[in-house]
Amino acid sequence: IQLAANRMVSVGDWIEMPKYGADGDVLEVALTTVKVQNWDKTITTIPTYALISESFKNWRGMAESGGRRIKRSLNIDISSIRFCDEDMLERYEKIQYISEYIEQRIMSRPH
């Protein structure tokens with residue numbers, strides 16, 4: 001009852017509760033349990049008292065804002081990082097997704 005009254009968790013919310021192995025979408029909120037379908041399609045059942053008395057993460061706010069969480073590693077060779085010279089900037093200005101950003105940065109830098 002507290003879960004519903006306080007809008008702590010609802011069907012469709014993405015929640016994480018590592019202690020119970022839960023990381024996925026809420027399928028069902030009953031009086032004594034909450035069922036979560038994890039991303040690997042397994043089902044985790046969490047006692048409702050655990051959601052009230054322990055910590056869990058609800059990603060509802062991210063979903064409502066239109067955002068998306070992507071969890072991936074990206075390895076970058078440290079020796080490949082350097083400051084942009086004029087030639088690089090000219091090439092990058094032709095890339096649709098970053099051209100506006102580059103223009104703004106060039107306009108705002110001190111001369």
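By the count of full-length UniProt numbering, the sequence shown reaches residue 111 at its end, each step adding exactly one.
From the three backbone atoms N, C-alpha and C, an ideal C-beta is built for every residue, glycine too.
Member of Ile15, Pro110, Asn6, Ser10 whose CA lies at the smallest distance from the CA of Phe56: For the purposes of this step, residue 56 is identified with residue 56 of the sequence shown, where counting begins at 1. Checked all of Ile15, Pro110, Asn6, Ser10; the closest Cα to Phe56 is Ile15.
Please report the distance separating the alpha-carbon of Ile98 from that of Arg91. Translated into the one-based positions of the sequence shown, residue 98 becomes position 98. Translated into the one-based positions of the sequence shown, residue 91 becomes position 91. Cα to Cα, Ile98 sits roughly 11 Å from Arg91.
For Met17, list the residues DSSP reports as bridge partners. Taking the sequence shown and counting its residues from 1, one reaches residue 17 at position 17. Per DSSP, Ala22.
Environment of Asp85 [buried if 16+ CB atoms lie within 10 Å]: Looking up residue 85 in the sequence shown gives position 85. Classification of Asp85: exposed, given that the 10 Å Cβ count is below 16.
Going by C-alpha distance, which of Tyr20, Thr48, Asp23 is nearest Leu31? For the purposes of this step, residue 31 is taken as the residue at position 31 of the sequence shown. Nearest of Tyr20, Thr48, Asp23 to Leu31, Cα basis: Thr48.
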